[in-house]
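Worksheet: one structure, shown below.
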Amino acid sequence: MSKEEFLMDLKYGIGPYLPEEIREAGELKIFTQMKNNDKLLHGISIEREDGQPSPVVYIDELYEKYQIGLPMEHVFEEFAEAFETAWKESPDIDRLNLSYEAVKEKLTCRIVNLKMNRNRLHEMKYTPVGNGYGMTYHIELGDGKSIPVTRGLVEVQGYDMRLLCREAMKNTQEQHPAVLQNMESVVFNMVSGSEEQKNLLLGNEKLQTDAMYILGTDRKTFGDATLFYPEVKEQIAELFQGDYYAIPSSVHEFILISNEMGINAEALGQMLKEVNEKEVPAEDILGDKVLKYSREERSLKTMESEKEKNTERGR
Numbered sequence: 017m018s019k020e021e022f023l024m025d026l027k028y029g030i031g032p033y034l035p036e037e038i039r040e041a042g043e044l045k046i047f048t049q050m051k052n053n054d055k056l057l058h059g060i061s062i063e064r065e066d067g068q069p070s071p072v073v074y075i076d077e078l079y080e081k082y083q084i085g086l087p088m089e090h091v092f093e094e095f096a097e098a099f100e101t102a103w104k105e106s107p108d109i110d111r112l113n114l115s116y117e118a119v120k121e122k123l124t125c126r127i128v129n130l131k132m133n134r135n136r137l138h139e140m141k142y143t144p145v146g147n148g149y150g151m152t153y154h155i156e157l158g159d160g161k162s163i164p165v166t167r168g169l170v171e172v173q174g175y176d177m178r179l180l181c182r183e184a185m186k187n188t189q190e191q192h193p194a195v196l197q198n199m200e201s202v203v204f205n206m207v208s209g210s211e212e213q214k215n216l217l218l219g220n221e222k223l224q225t226d227a228m229y230i231l232g233t234d235r236k237t238f239g240d241a242t243l244f245y246p247e248v249k250e251q252i253a254e255l256f257q258g259d260y261y262a263i264p265s266s267v268h269e270f271i272l273i274s275n276e277m278g279i280n281a282e283a284l285g286q287m288l289k290e291v292n293e294k295e296v297p298a299e300d301i302l303g304d305k306v307l308k309y310s311r312e313e314r315s316l317k318t319m320e321s322e323k324e325k326n327t328e329r330g331r
């Protein structure tokens, strides 16, 4: 069964599994949503008769379970449970006060790959930050939920983007400070169950040139923006006492390696591409190019492979 057929079966067969309150609220509709890295998700929502917004429950993971043997009866049950939970927990967006004064303390920012989010960014406000990345802005609603700052929202609310960008960065730094850890220590803590977290940015201890480090946040999600916090790149160069590579491991973190380790950029780039292909979910990929920070030049640059350089020269 194709995903489209699965969606139709779910739409027309889910009714008896849903509570009466939800069934009578309106008509079930199939919904698609562009997520990070232009990944298209498929879901079901309700076009409510009262005009209020309805949650969308995505079916892509359920479809994968169905493909490996989950009976359709269980699919209906899982979807109904997820939809009922989302229905009860969904914030009423239309009744939210989205004026600048109301949201300014809830604004945060994230980093996205511009090329990989070309379609999604048509609707979103963003600021290019160099090396093929851009900074997007979000309003945090709590419990892990947020809404993006879109062009339409900016127009309706009359946001001053200069103030919004500054406030979002300030909030993100304060609420989710940058955390730099030795990768070996992180792995040890995971295995041992220890919650100890030593943030190397809080001291002056020189970083080892033969070790790998993880740069992210204390919440361990969407930590990619930390490399672009003011003065963080420079501080890390001082701790390394030299240049370093920044590997975009995922949207959640960067892996940092001293230039003195002796691994060339092309090998690091190949390793990154292999990890992206085999280990990182498509929506969590941040990029496939290694970055290098120069302490002397105080600049962050993209490292191109020899093949890419030759292709560029031939244009």
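In this text, residue positions in the sequence shown follow our numbering: the first is 17, and each later residue adds one.
Yeah, the Cβ is synthetic: ideal placement off N, Cα and C, and Gly gets one too.
Check: Cβ atoms of G232 and H268: under 7 Å apart, would you say?
Finding: yes
Next item on the list: Along the beta strand (DSSP E) that carries S210, what are the first and last residues, could you check?
Entry: Where S210 is concerned, there is no enclosing beta strand (DSSP E), given that its DSSP letter is neither H nor E.
Check: Would you say I271 and I279 are within 7 Å of each other, going by their C-beta atoms?
Finding: no
Item checked: E269: first and last residue of the uninterrupted beta strand (DSSP E) it sits in -> 269 to 274
Note to self: Just verifying my parser: in three-state terms, what is the DSSP assignment at H192?
What the structure shows: coil
Check: Per the contact definition of three or more C-beta pairs closer than 8 Å, is the region 49 to 58 in contact with the region 117 to 133?
Finding: yes
Margin query: I'd like to confirm the pairing. Which residues does DSSP put opposite S70 in its beta bridges?
Written below: Partner(s): none; S70 has no beta bridge.
Notebook entry, point to check: Can you name the start and end residues of the alpha helix (DSSP H) that G16 belongs to?
Noted result: The displayed coordinates of the chain run from 17 to 331. Any statement about residue 16 would go beyond what the structure contains.
Next item on the list: Would you kindly check if the distance between the Cβ of G29 and the Cβ of R64 is under 7 Å?
Entry: no
Check: Within 10 angstroms of its Cβ, does M17 collect 16 or more other Cβ (buried), or is it exposed?
Finding: exposed
Next item on the list: Using 10 angstroms around the beta-carbon of N113, count the other beta-carbons present and answer buried if the total reaches 16, otherwise exposed.
Entry: exposed
Next item on the list: Enumerate in chain order the residues of its own chain whose CB-to-CB distance from F95 is below 8 Å, with the five nearest sequence positions on each side excluded.
Entry: L26, I30, Y33, I60, V73, I75, L78
Notebook entry, point to check: Among residues of its own chain, excluding the 5 on either side of K289, which ones have a beta-carbon nearer than 8 Å to its beta-carbon?
Noted result: D304
Next item on the list: Taking 8 Å as the threshold, find out whether the region 155 to 169 comes into contact with the region 213 to 225 through three or more Cβ pairs.
Entry: no
Item checked: Sequence-distant residues of its chain with Cβ nearer than 6 Å to L223 (five each side left out) -> L255, F256
Next item on the list: Look up M132 in the DSSP assignment and say whether it is helix, strand or coil.
Entry: coil
Item checked: Contact set for T48: own chain, Cβ-Cβ below 8 Å, skip 5 residues either direction -> L56, L57, H58, G59
Next item on the list: Count the other CB atoms, across all protein chains shown, that sit within 10 Å of the CB of E312; report buried if there are 16 or more and exposed otherwise.
Entry: exposed
Checklist line | D259 versus S106 - alpha carbon distance | finding: 46 Å
Notebook entry, point to check: Closest by CA to D300, which one among V291, K308, L307, V195?
Noted result: V291
Checklist line | For A283 and A227, the rounded distance between their alpha carbons | finding: 16 Å
Next item on the list: Flag Y74 as yes if its beta-carbon sits less than 7 Å from any beta-carbon of chain D, otherwise no.
Entry: As a matter of chain content, chain D is missing from the structure shown, which is built from one protein chain.
Check: Between which two residues does the beta strand (DSSP E) harbouring V172 extend?
Finding: No beta strand (DSSP E) holds V172; the alpha helix (DSSP H) holding it covers 167 to 173.
Notebook entry, point to check: Where are the alpha helix (DSSP H) runs, 4 residues long or more, that stay fully inside the region 31 to 71, in chain order?
Noted result: 36 to 39
Next item on the list: Taking only the alpha-carbon atoms, compute the straight-line gap between K308 and P71 and give it to the nearest angstrom.
Entry: 42 Å
Note to self: To the nearest angstrom, how far is the alpha carbon of R314 from that of K19?
What the structure shows: 49 Å
Item checked: Which of helix, strand or coil DSSP assigns to Q224 -> coil
Checklist line | Residue environment, L44, which counts as buried when at least 16 other CB atoms sit within 10 Å | finding: buried
Check: Got a sec? Which residues, its chain only, sit under 6 Å from K122 by beta carbon, not counting five neighbours each side?
Finding: I155, E156
Checklist line | Distance between K249 and R329 (C-alpha atoms, nearest Å) | finding: Confidence in R329 is poor, its pLDDT being 41 and thus under 50, which makes the residue's placement unreliable; the coordinate value appears in the next sentence. Those two C-alpha atoms are separated by around 30 Å.
Notebook entry, point to check: What does DSSP give as the partner residues of L123 in its beta bridges?
Noted result: I155
Margin query: Using C-beta distances below 7 Å, list every residue in its chain close to E276, excluding the 5 sequence neighbours before and after it, in chain order.
Written below: T225, G258
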